[in-house]
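Chemist: Before we start, here is the structure in question, set down as C-alpha cells.
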Amino acid sequence: MTDGAQTLPQLLKQARARRRISQLDLAIELGVSQRHLSFVEVGRSRPGRELLLRWLRALDAPLLVRNQALHAAGYAPAYDEGAWDGAGLADARRAVARLLRSHEPWPALLLGPAWDVLAANAGVAWLFDAVDVPVDLPGPDGAGDGPVVNLLDLALGPLGAAVTNLPETAAALLGQLSHEAVAHPALRERVERVAEVAAQHDTRTTFPPVLVSRYASRYGEIALLSMFTTFGTPHSVTLESLRVELMFPADEATRALLE
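Going by our numbering, the sequence shown opens with residue 13, and the numbers climb by one from there.
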C-alpha cells in the first residue's frame, strides 16, 4: 500500500475495536475459528470476499470502510461511491430539497461527511445574517457559486463567536465527531480543534436532555435545538455519509422571532 491507505488487518482491527467486541465473540458470530480470525488480523491469512463482507456487516462498519477493506484485500468494491451531484442520486437530491424547503422558516441544511454545507434553506441564510456571518450558502437544491462552506470551520470561527455556550456544544458533539473520524480521516484535525474548545466545558455540569445552541444576534438570543436525519438503509457510500440537520426553536421567544 504505497498511497497511504490502510491495510486490511488495520481496517479490521480498528472496526472491531470500534464495535468493542472480542476476537472470540466475533469468531462465534461469523462461524469461523478464533485462530483463523487472528491470522487475518495479523495479515497471515486473507478471507474470501463473502466472508469479508459478512465480517464487515457483523462489525457494522461504515460502507466506505467496507469498500476500503475489499480494495485492500484485492476485491472489487461492493457499494457505489458516486458523487452527490451525479445522475444516480437525482431522486435523493429532490427529496432533500423538498425537506429543506418544507422546514422553513426554521433553519435546515444538508451536511457532507466532512461537515461541508451541501444545501441550505432560507432559515439558515437568515440565521447566519442575524449573527453577522457573511457566507454564500448553496440553496436547497445545492445550487451555488461560492466556495465550499464547512460548518465545523464556521463553528470554530465566526459562527462560534456568536454561540454563547460553545464549550458545552463542542463537548456534546465531540464523541460523535470522534466516531465519524474513524471512517473519514479528513475530520481528525477538526476533531482536535473541537476537543480544545470542549476542554473549556465545566465537567461538573451535567448535560441537559436536549442540547440547545444559543446564539447572540442583533435580535437578541436565538435558542435552537437540532435533529439529525439520514437516509434509511443506504447502499451508497455517499448517501450513508450525508445527514440533514433540522433546527427547531428551543423557546417561545425564538419561535416568535423566526415565524
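A virtual CB, placed ideally from N, CA and C, is assigned to each residue, including glycine. Computed from a predicted model, the values in this text were never measured in an experiment.
#1: Assuming residue 254 and residue 209 form a contact by the criterion Cβ under 8 Å, report the distance between their Cβ atoms to the nearest whole angstrom.
#2: Distance, Cα to Cα, residue 236 vs residue 263?
#3: Return the bridge partner residues of residue 234 from the DSSP annotation.
#4: Would a C-beta distance cut-off of 8 Å place residue 164 and residue 194 closer than the cut-off?
#5: Considering only their Cβ atoms, is the gap separating residue 256 from residue 240 smaller than 8 Å?
#6: Does DSSP classify residue 241 as helix, strand or coil?
#7: Using 8 Å as the threshold, is the C-beta distance between residue 259 and residue 118 below it?
#8: Please say whether residue 126 and residue 162 have beta carbons closer to each other than 8 Å?
#9: Do the CB positions of residue 122 and residue 136 come within less than 8 Å of each other?
#10: Measure the alpha-carbon distance for residue 151 versus residue 224 and round it to whole angstroms.
#11: Specify whether the stretch 145-159 and the stretch 177-185 touch according to this definition: at least 3 beta carbon pairs, one from each stretch, less than 8 Å apart.
#12: Looking only at C-alpha atoms, which of 112, 124, 271 sits nearest to residue 199?
#13: Relative to the alpha-carbon of residue 138, which residue among 17, 230, 33 has its alpha-carbon at the smallest distance?
#14: From residue 227 to residue 173, what does the alpha carbon distance come to, in whole angstroms?
#15: Do you know offhand how far residue 158's Cα is from residue 129's?
#16: Per DSSP, residue 257 is paired with what?
#17: Are residue 105 and residue 71 closer than 8 Å when you measure CB to CB?
Modeler: Concretely, from the data shown:
#1: To locate residue 254, count along the sequence shown from 1; it is residue 242. To locate residue 209, count along the sequence shown from 1; it is residue 197. The beta-carbon separation of residue 254 and residue 209, rounded to 25 Å, does not stay under the 8 Å limit for a contact.
#2: Within the sequence shown, numbered from 1, the residue matching residue 236 stands at position 224. Within the sequence shown, numbered from 1, the residue matching residue 263 stands at position 251. When rounded, the distance between both Cα atoms is 8 Å.
#3: Residue 234 sits at position 222 when you count from the first residue of the sequence shown. For residue 234, DSSP records a beta bridge to 227.
#4: For the purposes of this step, residue 164 is taken as the residue at position 152 of the sequence shown. For the purposes of this step, residue 194 is taken as the residue at position 182 of the sequence shown. Taking a C-beta distance under 8 Å as the contact criterion, residue 164 and residue 194 do not qualify as a contact pair.
#5: As a position in the sequence shown, residue 240 is number 228, starting the count at 1. As a position in the sequence shown, residue 256 is number 244, starting the count at 1. It is a contact, given that the beta carbons lie within the stated cut-off.
#6: As a first step, residue 241 must be located in the sequence shown, where it is residue number 229. In the structure shown, residue 241 sits in a strand (DSSP, three-state: E or B).
#7: Residue numbering aside, residue 259 sits at position 247 when the sequence shown is read from its first letter. Residue numbering aside, residue 118 sits at position 106 when the sequence shown is read from its first letter. Yes, these two residues count as a Cβ contact at 8 Å.
#8: As a position in the sequence shown, residue 162 is number 150, starting the count at 1. As a position in the sequence shown, residue 126 is number 114, starting the count at 1. Pairing residue 162 with residue 126 gives a Cβ-Cβ distance under 8 Å.
#9: For this step, residue 122 is matched to residue 110 along the sequence shown. For this step, residue 136 is matched to residue 124 along the sequence shown. Judged by beta-carbon spacing, residue 136 lies beyond the 8 Å limit of residue 122, meaning their Cβ atoms are not closer than that value.
#10: Residue numbering aside, residue 151 sits at position 139 when the sequence shown is read from its first letter. Residue numbering aside, residue 224 sits at position 212 when the sequence shown is read from its first letter. The C-alpha of residue 151 lies about 25 Å from the C-alpha of residue 224.
#11: Contact between the stretch 145-159 and the stretch 177-185 is absent: fewer than three C-beta pairs spanning the two stretches fall below 8 Å.
#12: Locating residue 199 in the sequence shown gives position 187, where the first residue counts as 1. Ranked by how close their Cα comes to the Cα of residue 199, the residues 112, 124, 271 have 124 in first place.
#13: Taking the first residue of the sequence shown as 1, we reach residue 138 at position 126. For residue 138, the closest alpha carbon among the candidates 17, 230, 33 is that of 230.
#14: By one-based count along the sequence shown, residue 227 stands at place 215. By one-based count along the sequence shown, residue 173 stands at place 161. Taking the straight line from one Cα to the other gives about 9 Å.
#15: Residue numbering aside, residue 158 sits at position 146 when the sequence shown is read from its first letter. Residue numbering aside, residue 129 sits at position 117 when the sequence shown is read from its first letter. So the two alpha carbons sit approximately 11 Å from each other.
#16: On the sequence shown, residue 257 is found 245 positions in, with the first residue counted as 1. Paired residues: 121, 240.
#17: Taking the sequence shown and counting its residues from 1, one reaches residue 105 at position 93. Taking the sequence shown and counting its residues from 1, one reaches residue 71 at position 59. No; because the gap between Cβ atoms is not below 8 Å, this pair is not in contact.
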